[in-house]
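Participant:
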Amino acid sequence: MKKSEMLTAWLEKEPLGDIEKIELLTVRLPFVAPFGTSVATWNCKEALLVRLEDKGLTAWGECVADPDPYYASETTTSARHIIKEFLLPELKPGQSLAGLLDRFRRVRGNEMAKAALENALLDLLAKRRGQPLHELLGFPPKRVMSGISIGLQESIPALLSKVEEAVAGGYHRVKMKIGRQQDVDWVKTVRECFPGIALMADANGDYSLADSGHLARLDEFKLTMIEQPLSYHDIYQHSLLQARLKTPLCLDESIHGCDDAEAAIALKSCRVINIKQGRVGGLLEAVRMAGLCAARGIPAWSGGMDETGIGRALNIQLQAAPGFVLPGDTSETRRYFHEDIVEPPVVLDGEGFIAMPSAPGIGVEVIPERVEKYLLARERIK
Ligand code: OSB
Ligand code: MG
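For the sequence shown, position 146 matches number 876 in the numbering used here, and the numbering has no gaps at all.
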């Protein structure tokens, strides 16, 4: 057996088994501060969690969908519906994870719902073997680079103080949200005050191709990239915009899997890709996409969705895979929540890196009392 086959034998051959208990939970955690983007402002994180219990082990998945369809078309409610009615019914005891994922292909789209269930099953498989997820996936641990995504602020001084805090905290790169109402002047001031930092801007699809000339004004500020300037499902028009800008473009919303990434790379729509495991249908597709990007010479990074500690842990484990060469949106827990539902929290070391947990599965402990405290709904499926 070749080494690569050995590494993934569990995926193809190991039966998922007759999982004893399956629950869907919705939690709502207040944010330390509202998170503003060009499409919505969120005051809390509402997340759908998948909880599996089997032979004394508890495994978790987190769906990255919001309760609203403002970032993506899926919502916590649509994901609940798809998981319950279309994904879980495909789960049979003798099946391998690869077999189940093959059955999921029949369900079109709904990547966030699929990812949440895949997350939980991977956590269970890893815990059964007593391995951390990165090891199950076949990757040695590594220190993860940190990055911060600063939401739209009320004033330029407020933004500057957030950037100052991030730089002092040791973050490897700073991303600032932009939109039609606050862009060039805001970026210009941040760049003037922080000439040396790795700085990028995320527009969450707020512009159209007619804004090319305006967006070209950002070229002088040495941004490492502009993320998703055009519509949330566009690939072609980004290729026209990229040809008119010096600054690299990065796609987020438009990329739902390797096929989209191939299209974007072939069309030269972007020079960087943001990989969110939830948006692309799960950790396995995210690993494949990072490999594809590496093979095509496209730097990739792990995005975030302001996840609770469960989703954050998954994003950290994922970044052991080759291809995640840039700092992503992986930040310390305390910038999102006063209290999270897992322990320990994510913290930066003295050099701004995040340690990869070595405990089995997602590598962090979910605290049941905290889940109860923030619980909105619990549904036992099995
Ligand atoms: O566009 O990357 C985005 C958060 C929610 C929805 C979309 C996005 C974001 C972020 C924050 O930028 C990432 C994070 O800190 O987890
Ligand atoms: Mg984004």
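C-beta: ideal position from N, C-alpha, C; glycine also. The structure presented is a predicted model; accordingly, all values stated were derived computationally and were not measured.
Grab me the residues of residue 1013's own chain with a C-beta within less than 8 Å of its C-beta, minus the 5 sequence neighbours each way, in chain order.
Facilitator: Counting from 1 along the sequence shown, the entry for residue 1013 is found at position 283. Taken in chain order, the residues that qualify are 845, 848, 849, 852, 863, 867, 1007, 1044, 1047, 1048.
Participant: Answer with buried or exposed for residue 1076, where buried requires no fewer than 16 other C-beta atoms within 10 angstroms of its C-beta.
Facilitator: The count along the sequence shown starts at 1 and reaches residue 1076 at position 346. With 16 or more Cβ atoms within 10 Å of its Cβ, residue 1076 is classed as buried.
Participant: CB of residue 1033 to nearest heavy atom of the ligand MG: below 7 Å?
Facilitator: In the sequence shown, the residue the question calls residue 1033 occupies position 303. Yes, since a heavy atom of the ligand MG falls inside the 7 Å radius drawn around the Cβ of residue 1033.
Participant: Using the rule of at least 16 other Cβ atoms within 10 Å of the residue's Cβ for burial, across every protein chain shown, is residue 1088 buried or exposed?
Facilitator: The residue labelled residue 1088 in the question sits at position 358 within the sequence shown. Answer is exposed; the Cβ neighbour count stays below 16.
Participant: Would you say residue 958 touches the ligand MG, meaning its beta carbon is less than 7 Å from a heavy atom?
Facilitator: Position 228 of the sequence shown, counted from the start, is the residue given in the question as residue 958. Flag set: Cβ of residue 958 near the ligand MG.
Participant: Is it the case that the segment 736 to 749 contacts the segment 761 to 779, given that we only count it when at least three CB pairs across the two stretches are under 8 Å?
Facilitator: no
Participant: Do you know how far the Cα of residue 965 is from the Cα of residue 934?
Facilitator: Taking the first residue of the sequence shown as 1, we reach residue 934 at position 204. Taking the first residue of the sequence shown as 1, we reach residue 965 at position 235. Roughly 14 Å separates the two Cα atoms.
Participant: Any chance the CB of residue 932 is under 7 Å from a heavy atom of the ligand MG?
Facilitator: Locating residue 932 in the sequence shown gives position 202, counting from the first residue. With a cutoff of 7 Å, residue 932 counts as near the ligand MG, since its C-beta is closer than that to a heavy atom of the ligand.
Participant: Kindly list the residues whose CB is nearer than 7 Å to the CB of residue 1104, restricted to its own chain and excluding five residues on each side of it in sequence; keep chain order.
Facilitator: For this step, residue 1104 is matched to residue 374 along the sequence shown. So the qualifying residues of the chain are 757, 758, 759, 1071.
Participant: Who are the near neighbours of residue 1109 in its chain, counting only those whose CB is closer than 6 Å to its CB and skipping five residues on each side?
Facilitator: Start at 1 with the first residue of the sequence shown, and residue 1109 comes out as number 379. For residue 1109, where only same-chain residues beyond five positions count, the Cβ hits under 6 Å are 754.
Participant: Please give the ranges of any alpha helix (DSSP H) in the segment 1021 to 1093, keeping only runs that are unbroken, at least 4 residues long and fully inside the region.
Facilitator: 1039 to 1048
Participant: For a minimum of 4 consecutive residues, which ranges assigned as the alpha helix (DSSP H) are wholly contained in the segment 744 to 832?
Facilitator: 806 to 812
Participant: Going by the CB atoms, is the gap between residue 951 and residue 1002 shorter than 8 Å?
Facilitator: Position 272 of the sequence shown, counting from 1, holds the residue named residue 1002. Position 221 of the sequence shown, counting from 1, holds the residue named residue 951. No; because the gap between Cβ atoms is not below 8 Å, this pair is not in contact.
Participant: Which of the three DSSP states is assigned to residue 878 in this structure?
Facilitator: Your numbering for residue 878 matches position 148 in the sequence shown. Strand.
Participant: Name the DSSP bridge partner or partners of residue 712?
Facilitator: Given a span of 731 to 1112 for the chain in the structure shown, any question on residue 712 remains unanswerable.
Participant: Tell me which residues share the same chain as residue 711 and place their Cβ nearer than 7 Å to its Cβ, disregarding the 5 neighbours each side in the sequence.
Facilitator: Here the chain comprises residues numbered 731 to 1112, so residue 711 is not present and cannot be evaluated.
Participant: Could you have a look at residue 913 and say whether DSSP puts it in helix, strand or coil?
Facilitator: Taking the first residue of the sequence shown as position 1, residue 913 is located at position 183. Coil, per DSSP.
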